[in-house]
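Trainee:
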Amino acid sequence: MNSKILVILEQRENKIKKSSLETIEAAKLFASRLNYNFEALVIGNGIENLDILQNTGLSTLTEYKNSDLELYSPSAYKKIIVEHFNKLSGEIILFANTSFGKDLAPRIAASLKAGCITDCTNFDFSDGNIICSKPIFAGKAISELKVNSPLKVFTIRTNVFKIVPAECKLDIITEHFEAPDLTTKVIEINKQDSKLDVAEADIIISGGRGLKSPENFALVEKLAQAFGAAVGASRAVVDAGWRPHSEQVGQTGKTVSPSLYIACGISGAIQHLAGMSSSKYIVAINKDADAPIFSVADYGITGDVFEILPVLTEQINKLKQ
Amino acid sequence: MKIAVCINYVPDTASKIKLTDDNRIDENGLSYVINPFDEFAIEEALKTKEKFGGEIFAISAGNDAKKEGIKKALAMGVDNGILLKYDGYMDPFNIADNLAAQIKTLGSNIVFFGRQSVDYDNGITGLLTAELLNYNCISIVTKLDIQGNEVTAEREIEGGKEVVKSTLPIVITTQKGLNEPRYATLKGIMASKKKVIEEINITSVSNLVENVSYKLPKVKNPGRILGSDASAVNELVKLLRDEAKII
Ligand SMILES: Cc1cc2nc3c(=O)[nH]c(=O)nc-3n(C[C@H](O)[C@H](O)[C@H](O)COP(=O)(O)OP(=O)(O)OC[C@H]3O[C@@H](n4cnc5c(N)ncnc54)[C@H](O)[C@@H]3O)c2cc1C
Ligand SMILES: Nc1ncnc2c1ncn2[C@@H]1O[C@H](COP(=O)(O)O)[C@@H](O)[C@H]1O
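Protein sequences, first through last, are from chains A and B.
Under the numbering used here, the residues of the first sequence are numbered 1 to 321, in order.
Under the numbering used here, the residues of the second sequence are numbered 1001 to 1247, in order.
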């Protein structure tokens, strides 16, 4: 039976990303509720970590291979995916809601005249309808949406679907793809000095104006290092030039939902809360007991970051030894 | 050269969102601003005009209220405003369809969008419009260079930036970091008062996506304050280990 659901996996440097495994989980949910089959597709130049797909429940993967396709090319990728999907007579395409998925999903939706919902956090299946939940106003409200078109494209928020191992034999079909359309093409990636990105991190240590100066962010960085966490920032310190834009958390920065978010010297303005309040555990360290950040925090310390951060870092380091 | 910039007018980011009794977004008491990401789009359009000359058209689709957003763009230095007018709900595809038709009529081959509206957080209208126009598109752009027909841009990705090459005609969706949006000057505001906003009625085709209802997120119970100095750290570490099971 042809698969009605196609999961698009994402690779960076020919390694499939963890968020793609979460997308497989979403596909498993769709498949079980709709009684559909699903399969996956990846485009690159020889995937090196195919073993991470073992026992994910995925049974068919098509790998499109070409040396020009290791780096992303929207024009080429779009064409390959649309052709593959048409061949399957598929109905649903799933992406992770990453910079890759966000870029590609609407292009594919436009080609297929499919309804497209981004950043989905939940799906409900009743009366033969798929009702999709997505946070709006950066999480200040939730919209429940229905797609009316027969073809549907969704991007799945990362860190929402839990990875559950499922025994399964994986078949891999390799297609050597010739002469891709490279009209729009990534020519290189400038990596930010090997730091973990807030958008992908399971733990985030964020700093705000309470740190007083860019140099003092060393305290935040050391704690992040101890936890193996990413460094985040409030807009106030990004606008002041203390931290890069890529670290900004909030309504006009990145929306994050890590397992642990530690806010250091951040007041908790509504725009900041919008971007992080769905984190699983929130810790606030702020010397103002009335700071709004405490309204979303699970654990709070109403004290001085300069006193608390070094002690906390030391204790975490000790525990990890 | 005609440069187009598509802008949305959205509730201020400081807004508290409430629902009405029938579970719609309560618009009472909300104040509106140009979508923050669209300010980068307007600024980049102005810079592009400064470099290549031409005329800038700000286009917004929606009800009369969107005119206020267009007026602000005109005050920043945009030359012309177009309101694609409709009432009720249009999904992003529908909006993109109408924006694409208008851009085609204008014949602009450089088009700017914000990366995302901060109300419904779709982040798709620019990309959809580009596809419907059969234009190239680079999204979430933090650096842009146009030389003749060639476009080089940097787009933000997790853990870095992608350098992307493409060609005109192109849609660019703008991200913070691309530029510093200018403020409207008094002179700009005065000059904008003389500019007319063209109004074009548009009609909706069937929506591919429709909203069924809205909810508010679960409110969290207030957490525990563990103390006011470093002596609280022991307790915190214990909770992170035993209760949150994070370490
Ligand atoms: C359109 C728009 C979009 C925005 N988008 C975002 C966004 O995406 N993300 C975002 O973060 N903000 C955003 N903001 C800005 C937001 O409104 C706040 O201005 C910002 O979040 C404040 O940053 P802060 O908490 O670092 O600074 P402040 O509000 O100045 O807070 C500093 C905190 O540090 C505490 N403090 C000071 N010294 C110490 C100490 N020694 N130890 C412990 N605590 C201390 C203080 O008590 C205070 O609570 C946006 C604003 C607008 C208008
Ligand atoms: N009603 C609209 N009229 C004109 N442009 C819009 C409209 N809605 C969205 N846009 C543009 O599309 C971008 C992405 O919006 P969205 O897909 O709604 O998140 C925005 O930043 C605007 O540039």
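Backbone N, C-alpha and C define an ideal beta-carbon position, used for all residues, glycine too.
So the candidates are A:Tyr261, A:Lys152, A:Gly210 and A:Gln251; which of them puts its Cα closest to the Cα of A:Ala240?
Mentor: Shortest Cα-Cα distance from A:Ala240 to any of A:Tyr261, A:Lys152, A:Gly210 and A:Gln251 involves A:Gly210.
Trainee: State yes or no: is the C-beta of A:Val186 within less than 7 angstroms of the C-beta of A:Ile205?
Mentor: no
Trainee: Quickly, what does DSSP pair B:Leu1127 with across the bridge? List them, please.
Mentor: Note: B:Leu1127 sits in no beta bridge, so no partner.
Trainee: State buried or exposed for B:Thr1185, treating a residue as buried only when at least 16 other CB atoms are found within 10 Å of its CB.
Mentor: exposed
Trainee: Less than 7 angstroms separating the beta-carbons of A:Ser133 and A:Thr118?
Mentor: With a cutoff of 7 angstroms on beta-carbon distance, A:Ser133 and A:Thr118 are scored as not near each other.
Trainee: Any heavy atom of ligand 1 closer than 6 angstroms to the beta-carbon of A:Lys254?
Mentor: no
Trainee: Would you mind stating whether B:Glu1055 and B:Thr1174 have Cβ atoms separated by less than 7 angstroms?
Mentor: no
Trainee: At least one CB of chain B closer than 7 angstroms to the CB of A:Ile136: is that the case?
Mentor: yes
Trainee: Compare the C-beta of A:Arg209 with all C-beta atoms of chain B and state if any pair is closer than 7 angstroms.
Mentor: no
Trainee: Does any residue of chain A have a CB that is nearer than 7 angstroms to the CB of B:Val1111?
Mentor: no
Trainee: Between B:Val1033 and the rest of its own chain, which residues show a CB-CB distance below 6 angstroms, the 5 nearest in sequence each way excluded?
Mentor: Asp1012
Trainee: Would you check whether ligand 2 has a heavy atom nearer than 6 angstroms to the C-beta of B:Cys1006?
Mentor: yes
Trainee: Tell me which residues share the same chain as B:Val1237 and place their Cβ nearer than 8 angstroms to its Cβ, disregarding the 5 neighbours each side in the sequence.
Mentor: Ile1247
Trainee: Over the uninterrupted alpha helix (DSSP H) stretch that includes B:Gly1188, give me the two end residues.
Mentor: Leu1186 to Lys1193
Trainee: Chain B partners of A:Cys120, CB-CB under 7 angstroms?
Mentor: Those within 7 angstroms of A:Cys120 in chain B number zero; the least Cβ separation is about 11 angstroms.
Trainee: Which chain B residues sit within Cβ distance under 7 angstroms of A:Arg107?
Mentor: Those are Leu1127 and Glu1131, listed as they occur along chain B.
Trainee: By Cβ distance below 8 angstroms, which residues in the same chain neighbour B:Asn1063 in space, the five residues on each side in sequence not counted?
Mentor: Lys1085, Tyr1086 and Asp1087
Trainee: In terms of residues, what are the limits of the alpha helix (DSSP H) holding B:Gln1147?
Mentor: No alpha helix (DSSP H) contains B:Gln1147, which is instead part of the beta strand (DSSP E) from Asn1136 to Gln1147.
Trainee: Beta-carbon distances below 5 angstroms to any heavy atom of ligand 1 define the shell here; list its residues in chain order, please.
Mentor: A:Gly208, A:Arg209, A:Gly210, A:Ser234, A:Arg235, A:Ala236, A:Gly250, A:Gln251, A:Thr252, A:Gly253, A:Gly265, A:Ile266, A:Ser267, A:Ala269, A:Gln271, A:His272, A:Asn286, A:Lys287, A:Asp288, A:Ala291, A:Asp304, A:Val305, B:Thr1013 and B:Pro1036
Trainee: Residues in the same chain with beta-carbon distance under 8 angstroms from A:Gly115, minus the five sequence neighbours each way, listed in chain order, please.
Mentor: Ala109, Val147, Asn148, Ser149, Leu151, Lys152 and Val153
Trainee: To which residues of the same chain is A:Ala263 closer than 6 angstroms at the C-beta, ignoring the five residues directly before and after it?
Mentor: Ser206, Ala284 and Ile293
Trainee: Give the list of continuous beta strand (DSSP E) stretches no shorter than 3 residues that lie fully inside the segment 179-258 of chain A.
Mentor: The qualifying runs are 185-191, 203-207 and 230-233.
Trainee: I need the straight-line Cα distance from B:Asp1091 to B:Ser1204, nearest angstrom please.
Mentor: 9 angstroms
Trainee: Flag this pair as yes or no: are the beta carbons of A:Ile203 and A:Phe177 separated by less than 7 angstroms?
Mentor: no
Trainee: Can you give the Cα-Cα distance for B:Phe1052 and B:Met1001, rounded to whole angstroms?
Mentor: Roughly 8 angstroms between the two C-alpha positions.
Trainee: Please state whether DSSP places A:Leu94 in a helix, a strand or coil.
Mentor: Correct three-state label for A:Leu94: strand.
Trainee: Report the neighbours of A:Gln251 on chain B: residues whose CB is nearer than 8 angstroms to its CB, in chain order.
Mentor: Thr1013 and Val1118
Trainee: Determine contact between the segment 157-174 of chain A and the segment 62-82 of chain A, defined as no fewer than three beta-carbon pairs at a distance below 8 angstroms.
Mentor: yes
Trainee: Could you name the residues of chain B that A:Tyr77 contacts, counting a contact when the two beta carbons are closer than 7 angstroms?
Mentor: What A:Tyr77 touches in chain B, judged by beta-carbon distance under 7 angstroms, is nothing: the nearest beta carbon there is about 13 angstroms away.
Trainee: Going by beta-carbon coordinates alone, are A:Ile142 and B:Lys1218 separated by less than 7 angstroms?
Mentor: no
Trainee: Return helix, strand or coil for A:Ser277, following the three-state DSSP convention.
Mentor: coil
Trainee: Could one say the Cβ of A:Val186 lies closer than 7 angstroms to chain B's Cβ atoms, at least one of them?
Mentor: yes
Trainee: What residues from chain B crowd round A:Lys140, counting only those whose CB sits closer than 7 angstroms?
Mentor: Within chain B, the residues whose beta carbon sits less than 7 angstroms from that of A:Lys140 are Ile1017, listed in sequence order.
Trainee: Would you say the segment 1109-1120 of chain B touches the segment 1157-1174 of chain B, given that touching needs at least three Cβ pairs under 8 angstroms?
Mentor: A contact exists between the segment 1109-1120 of chain B and the segment 1157-1174 of chain B.
Trainee: Within 10 Å of its beta-carbon, does B:Arg1115 have 16 or more other beta-carbons around it, so buried, or fewer, so exposed?
Mentor: buried
Trainee: Check the Cβ of A:Glu221 against every Cβ in chain B and list those closer than 8 angstroms, keeping chain order.
Mentor: Under a criterion of Cβ atoms nearer than 8 angstroms, no residue of chain B is adjacent to A:Glu221; the nearest Cβ is some 16 angstroms distant.
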